[in-house]
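Trainee: The sequence shown begins at 12 in the numbering used here and counts up by one. A virtual CB, placed ideally from N, CA and C, is assigned to each residue, including glycine. Provided herewith is a single structure, encoded as structure tokens, for subsequent inquiry.
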Amino acid sequence: MDLSGKHLVLGLSGGIACYKSAELCRGLIKAGATVQVVMTEAAERFITPVTMQALSGRAVYGSQWDAREGNNMPHINLSREADAIAIAPCSADFVARLAQGRADELLSLLCLARPSGLPLLLAPAMNREMWAHPATQRNLAQVRADGAVVLGVGTGAQACGETGDGRMLEPDELLEDIAVHLRTDRPLAGRRVLITAGPTFEAIDPVRGITNHSSGKMGFAIARAARAAGAEVVLVAGPVALATPRGVRRIDVQSALQMQAAVQAEADAADVFVAAAAVADWRPARAHDAKIKKDGSGRPPALEFVENPDILHGVARSPRARSGALYCVGFAAETHDLEIHAAAKRLRKGVPLLVGNIGPAAFGRDDNQLLLVDADGARPTARAPKEALATELVAEIARRMPARTGFDTPDFQRTIAR
Ligand code: C5P
Numbered sequence: 012m013d014l015s016g017k018h019l020v021l022g023l024s025g026g027i028a029c030y031k032s033a034e035l036c037r038g039l040i041k042a043g044a045t046v047q048v049v050m051t052e053a054a055e056r057f058i059t060p061v062t063m064q065a066l067s068g069r070a071v072y073g074s075q076w077d078a079r080e081g082n083n084m085p086h087i088n089l090s091r092e093a094d095a096i097a098i099a100p101c102s103a104d105f106v107a108r109l110a111q112g113r114a115d116e117l118l119s120l121l122c123l124a125r126p127s128g129l130p131l132l133l134a135p136a137m138n139r140e141m142w143a144h145p146a147t148q149r150n151l152a153q154v155r156a157d158g159a160v161v162l163g164v165g166t167g168a169q170a171c172g173e174t175g176d177g178r179m180l181e182p183d184e185l186l187e188d189i190a191v192h193l194r195t196d197r198p199l200a201g202r203r204v205l206i207t208a209g210p211t212f213e214a215i216d217p218v219r220g221i222t223n224h225s226s227g228k229m230g231f232a233i234a235r236a237a238r239a240a241g242a243e244v245v246l247v248a249g250p251v252a253l254a255t256p257r258g259v260r261r262i263d264v265q266s267a268l269q270m271q272a273a274v275q276a277e278a279d280a281a282d283v284f285v286a287a288a289a290v291a292d293w294r295p296a297r298a299h300d301a302k303i304k305k306d307g308s309g310r311p312p313a314l315e316f317v318e319n320p321d322i323l324h325g326v327a328r329s330p331r332a333r334s335g336a337l338y339c340v341g342f343a344a345e346t347h348d349l350e351i352h353a354a355a356k357r358l359r360k361g362v363p364l365l366v367g368n369i370g371p372a373a374f375g376r377d378d379n380q381l382l383l384v385d386a387d388g389a390r391p392t393a394r395a396p397k398e399a400l401a402t403e404l405v406a407e408i409a410r411r412m413p414a415r416t417g418f419d420t421p422d423f424q425r426t427i428a429r
């Protein structure tokens, strides 16, 4: 995540979740942002300004009467150079203050005085009863209507010993959400992106099956990058041990047939389909109901296989894909002659863009190198972390997609193989 050049006002109101804000501040600084911390009096009961100053590298503000500002107007000055204001934790009381437009302490005052258009992001944190109370929900609806973005809450054990909704989101979740809102270019805003990721698992019997080494990292990184570019993202994931990217709708599947069914159900609503999954080419012709036992003969069981459907090819042949309403991107994992194989695969699959990579140098690793193959030829990317490659790929997809009004143009038809 690169937040260099971005400046954030990080506001802390009172709540035990203040301890997570130290980690959030650290994450923002690590990502390259500059952070100005502002704390309410109640926040200072939970964590000291010394901690936040040390982490942000800047003196913390806490009072509207702070004479360090030449004009004595920290409530104006602090937000004027900011790209966003994030309140984390945002207490029930602070939501109520925002809803009422209160201005009797620095943090609510500077929120009220912020330039229109400056994003105000709220990370609520409170006891589950406080969260569910109609007064809080009413206040949240009001602040949303007034233009604030409520980032949501987590669910689980609370410091008070109760369990439910109202926990502050974790620092890495907040970091991801803040990064999305700090981005000014959102080339996929309003677009829906469908992605497959990971391997498939083809059952032999209830305890065995065939699969492959795909980790799903690339597909998940593309999902994250597409969401950061403003898209609504659906991620169809084979069996992988990866956390769901923030704001992404995930559908878990096991087999190629399940992946195909999920993709078919979602493809009609999508504008982009990225097939990053390593789908098993074959599945056992029959999945046994019970575990296949050794029979003592020394002979292994003879397994028969049938070919799986080609999910990408099926989608790429659909009328929406052929007209350009659904932009399809395929992947090719090869071991040699990448450009030749990838170009041939692009034509075979009937997609405008095919992303080639060397399988053994990609599977399970955190970095990779891609070869982008389209009707105009092939371009290699640098070797880079998958997150960075995903961002680059999403930008390339956005650039190549026909404008909404430009579907079915001769120029687009030239880019897809017949
Ligand atoms: O034919 P091959 O497996 O090499 O093609 C790889 C591309 O096709 C990837 O984009 C992969 O997700 C997709 N694919 C698919 N369904 C299959 C096999 C591959 O969608 N059954």
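Take A33 and list the residues in its own chain whose beta-carbon comes closer than 8 Å to its own, dropping the five residues that flank it on each side.
Mentor: Numbered from 1 along the sequence shown, position 22 holds the residue referred to as residue 33. Excluding sequence neighbours, A33 sits near I58, T62, M63 and L66.
Trainee: State the DSSP-derived secondary structure class of L186, mapped to helix, strand or coil.
Mentor: To locate residue 186, count along the sequence shown from 1; it is residue 175. Three-state DSSP puts L186 in a helix.
Trainee: With distances taken Cα to Cα, identify the nearest neighbour of G230 among V405, V48, G26 and V20.
Mentor: On the sequence shown, position 219 is the one that residue 230 refers to. The residue with the shortest Cα to Cα distance from G230 is V405.
Trainee: Distance check for M141 and I27, CA to CA, integer angstroms please.
Mentor: Mapped onto the sequence shown, residue 27 falls at position 16. Mapped onto the sequence shown, residue 141 falls at position 130. C-alpha separation (whole angstroms): 14 Å.
Trainee: Which residues bound the alpha helix (DSSP H) around W76?
Mentor: Along the sequence shown, one-based indexing puts residue 76 at 65. No alpha helix (DSSP H) contains W76, which DSSP labels as neither H nor E.
Trainee: Which residue comes first and which comes last in the beta strand (DSSP E) that contains P295?
Mentor: Position 284 of the sequence shown, counted from the first residue, corresponds to residue 295. Its beta strand (DSSP E) spans residues W293 to P295.
Trainee: Count the other CB atoms within 10 Å of the CB of L314; is the residue buried (16 or more) or exposed (fewer)?
Mentor: By one-based count along the sequence shown, residue 314 stands at place 303. Exposed, by the Cβ-count rule.
Trainee: Going along the chain, which residues of its own chain have a beta-carbon closer than 6 Å to the beta-carbon of A136, five neighbours each way excluded?
Mentor: By one-based count along the sequence shown, residue 136 stands at place 125. Excluding residues within five positions, the ones whose Cβ falls inside 6 Å are G26, A28, P100 and M179.
Trainee: Counting C-beta neighbours from all protein chains within 10 Å, is the total for T147 16 or more, i.e. buried, or is it exposed?
Mentor: In the sequence shown, counting from the first residue as 1, residue 147 sits at position 136. T147 comes out buried.
Trainee: Could you give the DSSP three-state label for M141: helix, strand or coil?
Mentor: Here residue 141 refers to the residue found at position 130 when the sequence shown is read from its first residue. Of the three classes helix, strand and coil, the one that applies to M141 here is helix, per DSSP.
Trainee: Can you tell me which residues form a DSSP beta bridge with P210?
Mentor: Residue mapping note: residue 210 aligns to position 199 of the sequence shown, counting from 1. Answer is A289.
Trainee: How long is the line joining the alpha carbons of T211 and N223, rounded to whole angstroms?
Mentor: On the sequence shown, position 200 is the one that residue 211 refers to. On the sequence shown, position 212 is the one that residue 223 refers to. Their Cα atoms are separated by approximately 7 Å.
Trainee: Taking C-alpha atoms, which residue in G335, G307, V71 and A301 lies nearest to P217?
Mentor: As a first step, residue 217 must be located in the sequence shown, where it is residue number 206. Closest by alpha carbon: A301.
Trainee: Tell me the rounded alpha-carbon separation between P182 and L35.
Mentor: Translated into positions along the sequence shown, residue 182 becomes position 171. Translated into positions along the sequence shown, residue 35 becomes position 24. Cα to Cα, P182 sits roughly 5 Å from L35.
Trainee: Who are the Cβ neighbours of A236 in its own chain at under 8 Å, not counting the five residues just before and after it?
Mentor: Indexing the sequence shown from 1 puts residue 236 at position 225. The residues are E398, A401, T402, L404 and V405.
Trainee: Taking the runs of the beta strand (DSSP E) that are 3 residues or longer, which of them lie wholly in the stretch 82 to 139?
Mentor: For the stretch 82 to 139, whole beta strand (DSSP E) runs of length 3 or above, ordered along the chain, are 95 to 101 and 131 to 135.
Trainee: For V259, which residues in the same chain have their Cβ closer than 8 Å to its Cβ, ignoring the five residues on either side in sequence?
Mentor: As a position in the sequence shown, residue 259 is number 248, starting the count at 1. Answer for V259: A234, R235, R238, V244, V245 and L246, listed in chain order.
Trainee: Using 7 Å as the threshold, is the C-beta distance between A373 and N379 below it?
Mentor: By one-based count along the sequence shown, residue 373 stands at place 362. By one-based count along the sequence shown, residue 379 stands at place 368. Cβ atoms of A373 and N379: closer than 7 Å.
Trainee: In or out: T174 buried (at least 16 other Cβ within 10 Å) or exposed?
Mentor: By 1-based counting over the sequence shown, the position of residue 174 is 163. By the neighbour-count rule (16 or more Cβ atoms within 10 Å), T174 is not buried but exposed.
Trainee: Taking S15 as the reference, give the member of L21, S24, L23 and I40 with the closest Cα.
Mentor: Along the sequence shown, one-based indexing puts residue 15 at 4. S15 has its Cα closest to that of I40, out of L21, S24, L23 and I40.
Trainee: Which residue or residues does DSSP assign as beta-bridge partners of F316?
Mentor: In the sequence shown, residue 316 corresponds to position 305, counting from 1. P295, per the DSSP bridge assignment.
Trainee: Taking the alpha carbon of S226 as the reference point, which residue from L123, A242, R202 and A288 has its own alpha carbon closest?
Mentor: Locating residue 226 in the sequence shown gives position 215, where the first residue counts as 1. The candidate whose alpha carbon is nearest that of S226 is A288.
Trainee: If we call anything under 7 Å between Cβ atoms a contact, is G241 one with R197?
Mentor: Looking up residue 241 in the sequence shown gives position 230. Looking up residue 197 in the sequence shown gives position 186. Yes. Within cutoff.
Trainee: Distance, Cα to Cα, A450 vs S266?
Mentor: In this structure the chain extends from 12 to 429, so residue 450 is not present and cannot be described.
Trainee: In terms of alpha-carbon separation, which member of S334, P371, A354 and S308 lies closest to T346?
Mentor: By 1-based counting over the sequence shown, the position of residue 346 is 335. Of S334, P371, A354 and S308, the residue nearest in Cα terms is P371.
Trainee: Taking the CB atoms as reference points, tell me whether A93 and H18 lie closer together than 7 Å.
Mentor: The count along the sequence shown starts at 1 and reaches residue 93 at position 82. The count along the sequence shown starts at 1 and reaches residue 18 at position 7. Yes, Cβ-Cβ distance for A93 and H18 is below 7 Å.
Trainee: Within the continuous beta strand (DSSP E) that includes L364, where are the two ends?
Mentor: Residue 364 sits at position 353 when you count from the first residue of the sequence shown. Counting along the chain, the beta strand (DSSP E) containing L364 begins and ends at L364 to I369.
Trainee: Just grab the DSSP bridge partners of V340 for me.
Mentor: The residue given as residue 340 occupies position 329 in the sequence shown. V285 and L364.
Trainee: Please name the residue in R310, A291 and G309 whose C-alpha comes closest to that of N319.
Mentor: Translated into positions along the sequence shown, residue 319 becomes position 308. The candidate whose alpha carbon is nearest that of N319 is A291.
Trainee: Whole angstroms are fine: how far does the CA of I351 sit from the CA of L23?
Mentor: For the purposes of this step, residue 23 is identified with residue 12 of the sequence shown, where counting begins at 1. For the purposes of this step, residue 351 is identified with residue 340 of the sequence shown, where counting begins at 1. C-alpha separation (whole angstroms): 56 Å.
Trainee: Would you call the CB atoms of L121 and H144 closer than 7 Å?
Mentor: The count along the sequence shown starts at 1 and reaches residue 121 at position 110. The count along the sequence shown starts at 1 and reaches residue 144 at position 133. No, the pair does not count as a contact, with Cβ atoms beyond the cut-off.
Trainee: Here's a check: name, in chain order, each residue in its chain whose Cβ is nearer than 8 Å to the Cβ of L89, leaving out the five neighbours to either side.
Mentor: Here residue 89 corresponds to residue number 78 of the sequence shown, with the count starting at 1. Excluding residues within five positions, the ones whose Cβ falls inside 8 Å are V20, Q47, V49, Y72 and L121.
Trainee: Would the beta-carbon of L132 fall within 7 Å of that of V154?
Mentor: By one-based count along the sequence shown, residue 132 stands at place 121. By one-based count along the sequence shown, residue 154 stands at place 143. In this structure, V154 does not lie closer than 7 Å to L132 by Cβ.
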